[in-house]
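Worksheet: one structure, shown below.
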Amino acid sequence: VRVRSVGEEVLESITPGQQIVKIVHERLVELMGGVSSQLRFGSRMPAPIMLVGLQGCGKTTTAVKLARHVAGLHKKVYLVSADVYRPAAMQQLRVLGQQIGAGIFDAAGMTDPVNICVQAVDEARRNGYEVILVDTAGRLAIDMEMMDELQRIKEMIHPAEILFVADAMTGQDAVNVAARFDERLGIDGVIMTKMDGDARGGAALSLKAVMGKPIKFIGVGEKIDALEVFHPDRMASRILGMGDILSLVEKAQATVDEKEARELEKKFRKNEFTLEDFRNQLKQIKKMGSLQDIIGMIPGFGKMKALKNMTPDEGELVKVAAIIDSMTRKERMNYLLIDGQRRKRIARGSGVSVQDVNRVLKNYIDMRKIMKKMTSMGGMKALKRGNFPFST
42 VRVRSVGEEV LESITPGQQI VKIVHERLVE LMGGVSSQLR FGSRMPAPIM LVGLQGCGKT
102 TTAVKLARHV AGLHKKVYLV SADVYRPAAM QQLRVLGQQI GAGIFDAAGM TDPVNICVQA
162 VDEARRNGYE VILVDTAGRL AIDMEMMDEL QRIKEMIHPA EILFVADAMT GQDAVNVAAR
222 FDERLGIDGV IMTKMDGDAR GGAALSLKAV MGKPIKFIGV GEKIDALEVF HPDRMASRIL
282 GMGDILSLVE KAQATVDEKE ARELEKKFRK NEFTLEDFRN QLKQIKKMGS LQDIIGMIPG
342 FGKMKALKNM TPDEGELVKV AAIIDSMTRK ERMNYLLIDG QRRKRIARGS GVSVQDVNRV
402 LKNYIDMRKI MKKMTSMGGM KALKRGNFPF ST
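In structure tokens form, the structure reads like this:
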């Protein structure tokens, strides 16, 4: 970065600091692979894809998330669990797999992981499946028995790809473990889970830089749709606190009704955003993931103090709905009517404390301010252009 920066001509339209950030951003993108890496299915059918990693990294959930992604590519996908050591593993895969309508191999009564995988591939071939995802067993730590088992599965099913599932929360340990797996199996790529807990993505930078293997996907939540294709440029922006507008737009397009969005934007512009709208928007935002992660994708917004306490969980959403439902229609339409006595009445009616009512009102007022600022600068179009008045 120093070599690139010293002597670099600074453009008139930006500051030297912004020029440095641009250079750092470009270097981070290079270190993380430059471009997105796609799944390789090869010419064989079905194409086996092995998921490997330690116990607790989220392999089983990731297998189902990946199956959903593959199905979205218009491929018929099959799932098999080769984990005969964890009693609930096969049942967990079956329950989650049924939610997305994927085919699932029935390994009831079978005890040999290698044989399970071989028969599952044969079954998938007979039934016309194009891709089979193999959820292998994990261990609390790497041991020779585990590696030997994975090596035998690899030799028997000839996977199109072997993907290492890494827990982003384990930091440098994830890099060390991945190196051991790669040494024995030759992994083709990485899926990083729990990136919602490591929003800035430092673990992704470390793993790619050390391993030299492409990061193909990142898990950003527990829900089945919480898997994203890894984009080095977007992750570099997150690491530098520059947000990730493209990912935010993709999330919004997948979950938000366009007509409702247009109507809501009109309300923001006219300053008519009511408490009823607030309740509905919290439910909509919850579908997209945690509010903290969403805000982190908007350049400059992640540092705004007003947002720190605006990350509702399912229980909090129920409480917010109860509080707002305990208000009269006039109160929901005009929050300024809600004085001290009315707050006590609302608290009694919803079974919460006055402090809870105050917190909901404060969060509502904070959101009104934020949305007013967004609309004043042109909304999402302005964000895409780079007009970020909140950036520091």
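Just add 41 to wherever you are in the sequence shown, counting from 1, and you've got our numbering.
Glycine included, each C-beta is placed from N, C-alpha and C at the ideal position.
Buried versus exposed call for residue i [16 or more other C-beta atoms within 10 Å across all chains shown]
| i | result |
| --- | --- |
| residue 269 | buried |
| residue 398 | buried |
| residue 410 | exposed |
| residue 152 | exposed |
| residue 100 | buried |
| residue 128 | exposed |
| residue 76 | exposed |
| residue 257 | buried |
| residue 371 | exposed |
| residue 21 | Residue 21 is absent from the structure shown; the chain starts at 42 and stops at 433. |
| residue 380 | exposed |
| residue 102 | buried |
| residue 227 | exposed |
| residue 108 | buried |
| residue 234 | buried |
| residue 74 | buried |
| residue 130 | buried |
Own chain partners of residue i with C-beta closer than 6 Å, once the 5 adjacent residues on each side are dropped
| i | result |
| --- | --- |
| residue 181 | 96 |
| residue 185 | none |
| residue 391 | 363, 364, 367 |
| residue 158 | 123, 175, 194, 198 |
| residue 384 | 395, 398 |
Of the listed residues the options, nearest to residue i (C-alpha basis)
| i | options | result |
| --- | --- | --- |
| residue 187 | 412, 275, 225 | 225 |
| residue 263 | 156, 160, 196, 106 | 106 |
| residue 236 | 215, 259, 161, 382 | 259 |
| residue 375 | 385, 358, 390, 406 | 406 |
| residue 315 | 408, 232, 390, 231 | 408 |
| residue 378 | 358, 357, 402 | 402 |
| residue 69 | 373, 272, 131 | 272 |
| residue 358 | 381, 222, 400 | 400 |
| residue 141 | 130, 168, 71, 112 | 112 |
| residue 313 | 369, 412, 104 | 412 |
Contact set for residue i: own chain, Cβ-Cβ below 7 Å, skip 5 residues either direction
| i | result |
| --- | --- |
| residue 217 | none |
| residue 170 | 87, 117, 118, 119, 144 |
| residue 114 | none |
| residue 82 | 88, 172, 201 |
| residue 247 | 213, 216 |
| residue 436 | Because the chain is modelled from 42 through 433, residue 436 falls outside the range shown and cannot be assessed. |
| residue 156 | none |
| residue 104 | 92, 120, 134, 174, 176 |
| residue 110 | 268 |
| residue 265 | 105, 106, 109, 137, 140, 141 |
Own chain residues within Cβ distance below 8 Å of residue i, not counting five before or after
| i | result |
| --- | --- |
| residue 393 | 360, 363, 364 |
| residue 267 | 106, 237, 260, 261, 330 |
| residue 139 | 145 |
| residue 166 | 86, 87 |
| residue 346 | Because residue 346 carries a pLDDT of 45, less than 50, the predicted location of this residue cannot be relied on, and the following value inherits that uncertainty. Excluding sequence neighbours, residue 346 sits near nothing in its chain. |
| residue 168 | 119, 144 |
Spatial distance of residue i from residue j (CA atoms)
| i | j | result |
| --- | --- | --- |
| residue 250 | residue 161 | 35 Å |
| residue 199 | residue 84 | 12 Å |
| residue 120 | residue 67 | 38 Å |
| residue 205 | residue 323 | 35 Å |
| residue 98 | residue 276 | 21 Å |
| residue 64 | residue 231 | 26 Å |
| residue 202 | residue 173 | 11 Å |
| residue 154 | residue 387 | 58 Å |
| residue 207 | residue 164 | 29 Å |
| residue 274 | residue 389 | 50 Å |
| residue 183 | residue 196 | 19 Å |
| residue 192 | residue 255 | 21 Å |
| residue 78 | residue 253 | 12 Å |
| residue 219 | residue 369 | 57 Å |
| residue 320 | residue 278 | 31 Å |
| residue 373 | residue 80 | 49 Å |
* To do: May I ask you to verify whether the region 86-94 touches the region 141-148, counting CB pairs closer than 8 Å and requiring at least 3?
  => The count of Cβ pairs closer than 8 Å, one atom from the region 86-94 and one from the region 141-148, stays below three, leaving the stretches out of contact.
* Does the region 210-229 come close enough to the region 132-139 to have 3 or more Cβ pairs within less than 8 Å? -> The region 132-139 and the region 210-229 do not touch, with fewer than three beta-carbon pairs separated by less than 8 Å.
* Please determine if the region 116-135 and the region 170-179 are in contact, where contact requires at least 3 C-beta pairs separated by less than 8 Å. => Under the 8 Å Cβ criterion, the region 116-135 counts as touching the region 170-179, having at least three qualifying pairs.
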